[in-house]
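See structure below.
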Amino acid sequence: MAVIAVYNIKGGVGKTATSVNLAYLSADSGNKTLLCDMDPQGSASYYFRIKAPKKFNADKLLKGGKAVLKNIRGTDYPNLDLLPADFTYRNLDLALDDCKKSTKRISTILKPLVKEYDTIFLDCPPNITLLSENIFKAADILLIPFIPTTLSLLSFQQLLNFFKKTGIDRKKLYVFFSMVEKRKRMHLDMMARFQGRKRVLKQPVPFLADVEKMGIFRKPVLEIAPNSPAARSYRLLWREVEKIVAQKQ
Amino acid sequence: MQPLHHIAWHLPENLDFQNLQLSLADRFAFKRETENKKVCRWYDTFDWRLFQSNHILTREGQDWILQDLAGRRVDKLRGGRKIYRFSRDFPQSSLRDTLTPILSVRALIELGSADIYTQRLNILNGDKKTVAQVELKKITPKHNDRQLATIRLQEVRGYANWLKKIKKHLLALNISEQTTPSDILLFIAESSGRTPLDYSSKYDVPLDPEMTSRDAAVRIYRFLLAAIRKNEQGVLDDIDSEFLHDLRVAVRRTRSAITLLRGVLSPEIEGRFKEEFKYIGAITGSVRDLDVYLLNRDSYGKKLPERLRSGLDIFFDDLAERRRREQRKMVRTMRGPRYQRILDEWESILSSDAETVAGEKETIPISELAGKIIHKRFRKVLRDGKKIHADTQDEELHRLRIECKKLRYSLEFFSSLYDPKRIQQFIRQLKMLQDNLGDFNDLSVQQHMLADLLSHIRPGTVKARELAAAIGGLMTGLFLRHQDVRTRFEKTFAHFSREKNLALYHALFG
Numbered sequence: 079m080a081v082i083a084v085y086n087i088k089g090g091v092g093k094t095a096t097s098v099n100l101a102y103l104s105a106d107s108g109n110k111t112l113l114c115d116m117d118p119q120g121s122a123s124y125y126f127r128i129k130a131p132k133k134f135n136a137d138k139l140l141k142g143g144k145a146v147l148k149n150i151r152g153t154d155y156p157n158l159d160l161l162p163a164d165f166t167y168r169n170l171d172l173a174l175d176d177c178k179k180s181t182k183r184i185s186t187i188l189k190p191l192v193k194e195y196d197t198i199f200l201d202c203p204p205n206i207t208l209l210s211e212n213i214f215k216a217a218d219i220l221l222i223p224f225i226p227t228t229l230s231l232l233s234f235q236q237l238l239n240f241f242k243k244t245g246i247d248r249k250k251l252y253v254f255f256s257m258v259e260k261r262k263r264m265h266l267d268m269m270a271r272f273q274g275r276k277r278v279l280k281q282p283v284p285f286l287a288d289v290e291k292m293g294i295f296r297k298p299v300l301e302i303a304p305n306s307p308a309a310r311s312y313r314l315l316w317r318e319v320e321k322i323v324a325q326k327q
Numbered sequence: 164m165q166p167l168h169h170i171a172w173h174l175p176e177n178l179d180f181q182n183l184q185l186s187l188a189d190r191f192a193f194k195r196e197t198e199n200k201k202v203c204r205w206y207d208t209f210d211w212r213l214f215q216s217n218h219i220l221t222r223e224g225q226d227w228i229l230q231d232l233a234g235r236r237v238d239k240l241r242g243g244r245k246i247y248r249f250s251r252d253f254p255q256s257s258l259r260d261t262l263t264p265i266l267s268v269r270a271l272i273e274l275g276s277a278d279i280y281t282q283r284l285n286i287l288n289g290d291k292k293t294v295a296q297v298e299l300k301k302i303t304p305k306h307n308d309r310q311l312a313t314i315r316l317q318e319v320r321g322y323a324n325w326l327k328k329i330k331k332h333l334l335a336l337n338i339s340e341q342t343t344p345s346d347i348l349l350f351i352a353e354s355s356g357r358t359p360l361d362y363s364s365k366y367d368v369p370l371d372p373e374m375t376s377r378d379a380a381v382r383i384y385r386f387l388l389a390a391i392r393k394n395e396q397g398v399l400d401d402i403d404s405e406f407l408h409d410l411r412v413a414v415r416r417t418r419s420a421i422t423l424l425r426g427v428l429s430p431e432i433e434g435r436f437k438e439e440f441k442y443i444g445a446i447t448g449s450v451r452d453l454d455v456y457l458l459n460r461d462s463y464g465k466k467l468p469e470r471l472r473s474g475l476d477i478f479f480d481d482l483a484e485r486r487r488r489e490q491r492k493m494v495r496t497m498r499g500p501r502y503q504r505i506l507d508e509w510e511s512i513l514s515s516d517a518e519t520v521a522g523e524k525e526t527i528p529i530s531e532l533a534g535k536i537i538h539k540r541f542r543k544v545l546r547d548g549k550k551i552h553a554d555t556q557d558e559e560l561h562r563l564r565i566e567c568k569k570l571r572y573s574l575e576f577f578s579s580l581y582d583p584k585r586i587q588q589f590i591r592q593l594k595m596l597q598d599n600l601g602d603f604n605d606l607s608v609q610q611h612m613l614a615d616l617l618s619h620i621r622p623g624t625v626k627a628r629e630l631a632a633a634i635g636g637l638m639t640g641l642f643l644r645h646q647d648v649r650t651r652f653e654k655t656f657a658h659f660s661r662e663k664n665l666a667l668y669h670a671l672f673g
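Chains as they are written, first to last, in my numbering: chain A, 79 to 327; chain B, 164 to 673.
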């Protein structure tokens with residue numbers, strides 16, 4: 079059993095594409111998998127053609143238990159379920175603030191789900207907020223898609239500082255390179271600086287049109303183009319993540 | 164979390180897949196997945212152990228699938244190209260772990276196979292998201308013209324309302340007869356001439372107290388003859404050791420019944436068939452003896468230190484080779500004229516109502532005769548058992564074991580004439596005594612065999628030395644257990660013959 083959060087302070091780094099495709103691969107290798115869409119934009123839900131039920135909202139999520147279980151939806155793929163996001167999630171932070179033990183709320187909500195699923199993915203919204211702190215505590219692995227630029231480095235530094243300050247275990251953090259463009263000098267230089275470090279995954283995910291197509295077809299890349307380079311890199315990335323999951327257990 | 168719902172129905176004969184899809188298309192948008200055709204095979208042991216434990220095992224290509232009778236998936240294994248017969252043949256897996264205690268020493272046999280044509284329809288909502296699955300199946304058994312068509316509706320989590328809508332639509336099409344995988348199993352088994360639970364090694368012949376002894380005897384003999392016949396093919400094909408075991412038990416019961424019911428048939432017939440069934444016992448004996456040793460192979464291995472196990476392998480490989488030879492010999496004899504003639508003639512005697520077949524006791528009501536027989540056997544067991552003390556020869560215990568067996572058989576033959584709860588209670592008490600005597604006998608037979616083997620070793624080679632050491636190790640262990648079982652006999656017998664049990668006996672049989 080593992081809770082894997084895909085997170086970055088910055089937006090547009092490939093978080094949702096990563097969550098969707100890795101969750102798909104996890105399910106495909108036989109794990110009962112749940113993808114929780116935590117982002118009020120609901121992109122992951124959109125990719126799976128799932129709308130949040132009318133009665134579902136941020137309050138229901140925070141209530142946990144049956145209120146959450148009732149709103150889980152089966153995707154079109156075996157072993158893979160999804161908890162859709164609702165637009166009211168944009169106020170999750172305020173709502174969390176009103177809860178008791180406000181930094182551990184998400185862990186509590188996940189507890190009954192942990193019994194049902196082998197792997198849970200959390201597709202997180204960008205920002206560093208009370209919700210993020212909740213997610214950091216709940217996750218066993220924090221997977222950070224990282225575009226190899228100086229700006230990304232800066233935001234990563236901020237994240238490390240935050241972990242230090244709040245006392246969350248930094249060993250949960252794993253970084254991989256996302257939206258890599260081989261023709262950009264800076265990307266290659268940045269990657270060279272990080273390559274081989276602890277908790278930096280080997281497999282990069284290139285910037286590819288096939289990934290963009292997910293929005294048109296509303297399917298994981300692995301379904302649209304299973305033999306494409308994009309699908310291949312997700313497969314190799316999942317293999318690395320799988321190993322980390324195995325080590326943690 | 165709630166498990167997902169699924170329902171399956173028989174498809175009425177007048178509704179083919181085409182029309183059904185047209186009708187669904189009126190109300191629902193769906194996407195047809197590519198149709199799929201494969202061969203599926205069903206497996207169980209001869210005595211339906213999987214079915215009895217609520218399981219159905221099928222194989223599609225290399226995929227082994229274990230379901231429960233309601234159709235819930237229990238386990239799945241991607242196997243190799245080999246066909247597995249015993250649970251130990253399966254690769255290490257959770258499926259093997261589930262099968263091992265259920266199958267025990269029995270082999271899987273194919274119950275039948277069928278071509279399965281599957282067409283899956285994904286029902287879509289306005290977002291083209293799959294909200295339910297419909298699976299159409301056409302099942303055509305090999306060597307059979309009959310066909311079975313089913314439709315299965317599968318819920319997708321979170322879209323239960325769609326399930327309701329589709330269900331309503333199907334009901335309106337007159338689809339109402341629900342089906343489960345056990346219906347399909349029944350259908351497949353029937354196509355190859357079998358019915359679930361059509362064989363059990365249990366003795367079960369209900370008698371009526373008013374029956375004449377001859378009618379009762381014929382009913383008992385017929386049941387036992389059928390058991391012999393049912394197991395014959397499995398013995399000849401050498402499928403697993405239980406076929407021969409069950410065949411021999413039926414033969415032994417027949418011999419015992421002839422002795423117990425002496426005088427019900429004519430003396431010539433009784434005398435002759437006692438000999439004839441003894442002959443069948445004799446020609447099948449050596450293979451069974453070797454089976455018993457070979458079934459112990461693993462447990463022997465565990466009793467020896469690692470270093471001595473290679474010696475044991477030589478020994479068991481040799482036994483396995485001897486068994487192969489004995490099996491061939493036995494098959495030749497069973498295919499020979501005498502064996503077949505015995506059973507054919509016995510059968511014609513059982514179906515004859517000629518006076519020449521009858522014995523002097525034929526008209527006595529069975530309830531009367533049964534009481535007398537049980538009394539006689541019980542008194543003998545008590546008398547012989549009481550004579551046994553610490554210094555009694557082993558032979559006396561073996562004799563007592565045979566007497567107990569006769570009593571046990573007579574209780575089983577006539578149990579339907581008595582209060583079921585009490586007779587089961589009494590049989591349980593007897594069984595405890597029989598277990599003790601059985602262990603004792605088993606251990607002395609094993610010791611004899613090892614001693615025999617030891618005397619045949621030609622000393623000199625390293626292998627011979629290792630083998631001798633292995634045998635020595637086993638003999639010591641067997642000897643100690645033998646002693647232990649022997650000392651426990653007195654206690655076990657005292658328990659059997661205690662006042663409370665005698666009272667139970669008298670309450671039952673007067």
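In this text, a Cβ means the ideal position worked out from N, Cα and C, and glycines have one as well.
Give me whichever residues DSSP pairs with lysine 194 (chain B) in a beta bridge. Indexing the second sequence from 1 puts residue 194 (chain B) at position 31. Its beta-bridge partners are B:Asn285.
Nonlocal neighbours in the same chain, by C-beta distance under 7 Å from glycine 640 (chain B), ignoring five residues either side: Locating residue 640 (chain B) in the second sequence gives position 477, counting from the first residue. Excluding positions up to five away in sequence, the list reads Lys466.
Quick one, are the C-beta atoms of phenylalanine 199 (chain A) and proline 162 (chain A) less than 9 Å apart? The count along the first sequence starts at 1 and reaches residue 199 (chain A) at position 121. The count along the first sequence starts at 1 and reaches residue 162 (chain A) at position 84. No, Cβ-Cβ distance for phenylalanine 199 (chain A) and proline 162 (chain A) is not below 9 Å.
Would you kindly check if the distance between the Cβ of glutamate 489 (chain B) and the Cβ of leucine 513 (chain B) is under 9 Å? In the second sequence, counting from the first residue as 1, residue 513 (chain B) sits at position 350. In the second sequence, counting from the first residue as 1, residue 489 (chain B) sits at position 326. No, the Cβ-Cβ distance between leucine 513 (chain B) and glutamate 489 (chain B) is not below 9 Å.
By the DSSP assignment, the alpha helix (DSSP H) with valine 117 (chain B) in it spans what residues? No statement about residue 117 (chain B) is possible, as the shown extent of chain B runs from 164 to 673 and does not include it.
Identify the contact partners of glutamate 194 (chain A) in chain B, using a Cβ-Cβ distance below 7 Å as the criterion. Taking the first sequence and counting its residues from 1, one reaches residue 194 (chain A) at position 116. Near glutamate 194 (chain A) (Cβ distances below 7 Å), the residues of chain B are Met164.
Run the CB neighbour count on arginine 621 (chain B), radius 10 Å, all protein chains shown included, and call it buried at 16 or more, exposed below. Along the second sequence, one-based indexing puts residue 621 (chain B) at 458. By the 10 Å Cβ count, arginine 621 (chain B) comes out exposed.
Cα-Cα separation between proline 226 (chain A) and valine 258 (chain A), rounded to whole angstroms: Mapped onto the first sequence, residue 226 (chain A) falls at position 148. Mapped onto the first sequence, residue 258 (chain A) falls at position 180. Taking the straight line from one Cα to the other gives about 7 Å.
Quick one: any contact between the stretch 339-351 of chain B and the stretch 181-190 of chain B, if contact means 3 or more CB pairs under 8 Å? no
What are the partner residues of histidine 218 (chain B), as DSSP defines its beta bridges? As a working mapping, residue 218 (chain B) is identified with position 55 in the second sequence. Answer is B:Asp231.
Beta-carbon proximity list for lysine 326 (chain A), same chain, < 6 Å, skipping 5 on both sides: As a first step, residue 326 (chain A) must be located in the first sequence, where it is residue number 248. Within the same chain, lysine 326 (chain A) has close Cβ partners Asp218.
Should asparagine 149 (chain A) be flagged as near chain B, meaning a C-beta pair shorter than 9 Å? Residue numbering aside, residue 149 (chain A) sits at position 71 when the first sequence is read from its first letter. Chain B, which has a Cβ nearer than 9 Å to the Cβ of asparagine 149 (chain A), makes this yes.
Let me check you understand the geometry: is the CB of phenylalanine 436 (chain B) closer than 8 Å to at least one non-hydrogen atom of the ligand SAM? You won't find the ligand SAM in this model; it holds no ligand whatsoever.
Per-residue burial, serine 210 (chain A) [other beta carbons within 10 Å of its own, 16 or more giving buried]: Residue mapping note: residue 210 (chain A) aligns to position 132 of the first sequence, counting from 1. Counting Cβ neighbours within 10 Å, serine 210 (chain A) comes out buried, since at least 16 surround it.
I'd like the span of the beta strand (DSSP E) that includes phenylalanine 241 (chain A), first residue to last. For the purposes of this step, residue 241 (chain A) is taken as the residue at position 163 of the first sequence. That residue, phenylalanine 241 (chain A), is in no beta strand (DSSP E); its alpha helix (DSSP H) goes 228-244.
Give me the chain A residues within the contact set of aspartate 602 (chain B), using Cβ-Cβ distance strictly less than 9 Å, ordered along the chain. Residue numbering aside, residue 602 (chain B) sits at position 439 when the second sequence is read from its first letter. What aspartate 602 (chain B) touches in chain A: nothing, since even the nearest Cβ is about 45 Å away.
So that I know if they touch, is there some Cβ in chain B lying closer than 9 Å to that of isoleucine 198 (chain A)? For the purposes of this step, residue 198 (chain A) is taken as the residue at position 120 of the first sequence. No, isoleucine 198 (chain A) does not count as interfacial toward chain B.
Hey, quick one: how far does the alpha helix (DSSP H) through tyrosine 102 (chain A) stretch, first residue to last? Along the first sequence, read from residue 1 onward, the residue named residue 102 (chain A) stands at position 24. That run of the alpha helix (DSSP H) goes 93-106.
Short Cβ contact (9 Å threshold) for alanine 270 (chain B) with isoleucine 402 (chain B): If you number the second sequence from 1, residue 270 (chain B) lands on position 107. If you number the second sequence from 1, residue 402 (chain B) lands on position 239. A contact, by the Cβ cut-off of 9 Å.
Considering only the beta carbon of each residue, do valine 289 (chain A) and phenylalanine 254 (chain A) sit closer than 9 Å? Position 211 of the first sequence holds residue 289 (chain A). Position 176 of the first sequence holds residue 254 (chain A). Cβ distance not < 9 Å, so valine 289 (chain A) and phenylalanine 254 (chain A) don't count as in contact.
Work out the CA separation of proline 307 (chain A) and leucine 103 (chain A) for me, nearest whole Å. Residue mapping note: residue 103 (chain A) aligns to position 25 of the first sequence, counting from 1. Residue mapping note: residue 307 (chain A) aligns to position 229 of the first sequence, counting from 1. For leucine 103 (chain A) and proline 307 (chain A), the distance between alpha carbons rounds to 15 Å.
Within the 9 Å Cβ cut-off, does isoleucine 322 (chain A) reach chain B? Within the first sequence, numbered from 1, the residue matching residue 322 (chain A) stands at position 244. By this cut-off, isoleucine 322 (chain A) is not an interface position.
How about valine 237 (chain B): is its C-beta nearer than 9 Å to some C-beta of chain A? Counting from 1 along the second sequence, the entry for residue 237 (chain B) is found at position 74. No - not a single Cβ of chain A is within 9 Å of the one on valine 237 (chain B).
Measure the beta-carbon distance from leucine 112 (chain A) to isoleucine 82 (chain A) and round it to whole angstroms, keeping in mind my assumption that it falls under 8 Å. Start at 1 with the first residue of the first sequence, and residue 112 (chain A) comes out as number 34. Start at 1 with the first residue of the first sequence, and residue 82 (chain A) comes out as number 4. Contact flag wrong, Cβ pair sits at about 11 Å.
For arginine 729 (chain B), which residues in chain A fall below 7 Å Cβ to Cβ? This structure cannot settle anything about residue 729 (chain B), because the visible part of chain B is limited to 164 through 673.
Rounded to the nearest angstrom, what separates threonine 526 (chain B) and tyrosine 668 (chain B) at their Cα positions? If you number the second sequence from 1, residue 526 (chain B) lands on position 363. If you number the second sequence from 1, residue 668 (chain B) lands on position 505. Computed Cα separation, rounded: 27 Å.
What number of angstroms, rounded off, separates the C-alpha of glutamate 662 (chain B) from the C-alpha of leucine 617 (chain B)? Within the second sequence, numbered from 1, the residue matching residue 662 (chain B) stands at position 499. Within the second sequence, numbered from 1, the residue matching residue 617 (chain B) stands at position 454. Using only the alpha carbons, I get a separation of about 46 Å.
Interface residues of the stretch 117-143 of chain A facing chain B [CB-CB below 8 Å]: Phe126, Arg127, Ile128, Lys129 and Pro131
Lysine 305 (chain B) and isoleucine 279 (chain B) closer than 9 Å at C-beta: In the second sequence, counting from the first residue as 1, residue 305 (chain B) sits at position 142. In the second sequence, counting from the first residue as 1, residue 279 (chain B) sits at position 116. Against a cut-off of 9 Å, the Cβ pair of isoleucine 279 (chain B) and lysine 305 (chain B) comes out as no contact.
How close, in whole Å, do the beta carbons of aspartate 164 (chain A) and alanine 130 (chain A) come, if the pair is a contact with beta carbons under 8 Å? Within the first sequence, numbered from 1, the residue matching residue 164 (chain A) stands at position 86. Within the first sequence, numbered from 1, the residue matching residue 130 (chain A) stands at position 52. That belief holds up - the Cβ atoms of aspartate 164 (chain A) and alanine 130 (chain A) are roughly 4 Å apart, short of 8 Å.
In this structure, what does DSSP give as the bridge partners for arginine 199 (chain B)? Along the second sequence, read from residue 1 onward, the residue named residue 199 (chain B) stands at position 36. For the sequence presented, residue 199 (chain B) should be read as asparagine rather than arginine. Answer is B:Thr281, bridged to asparagine 199 (chain B).
Nearest to methionine 164 (chain B) by alpha carbon, out of A:Thr153, A:Glu194, A:Leu220 and A:Gln236? As a working mapping, residue 164 (chain B) is identified with position 1 in the second sequence. Ranking the options by Cα distance to methionine 164 (chain B), first place goes to A:Glu194.
Rounded to the nearest angstrom, how far is the Cβ of alanine 122 (chain A) from that of valine 91 (chain A), given a contact under 8 Å? Counting from 1 along the first sequence, the entry for residue 122 (chain A) is found at position 44. Counting from 1 along the first sequence, the entry for residue 91 (chain A) is found at position 13. Contact doesn't hold; Cβ gap of about 15 Å is too wide.
Compute the beta-carbon to beta-carbon distance between glutamine 317 (chain B) and alanine 352 (chain B), rounded to the nearest angstrom, for a pair I have assumed lies under 8 Å. Within the second sequence, the letter at position 154 stands for residue 317 (chain B). Within the second sequence, the letter at position 189 stands for residue 352 (chain B). That belief does not hold up - the Cβ atoms of glutamine 317 (chain B) and alanine 352 (chain B) are roughly 26 Å apart, past 8 Å.
Between the Cα of asparagine 288 (chain B) and the Cα atoms of B:Val319, B:Ala413 and B:Ala312, which residue gives the shortest distance? Counting from 1 along the second sequence, the entry for residue 288 (chain B) is found at position 125. Among B:Val319, B:Ala413 and B:Ala312, the Cα nearest to that of asparagine 288 (chain B) belongs to B:Val319.
Residues of chain A with CB under 8 Å from aspartate 226 (chain B), in chain order? Position 63 of the second sequence, counted from the start, is the residue given in the question as residue 226 (chain B). Per Cβ cutoff of 8 Å: no residues; aspartate 226 (chain B) is ~13 Å from chain A at best.
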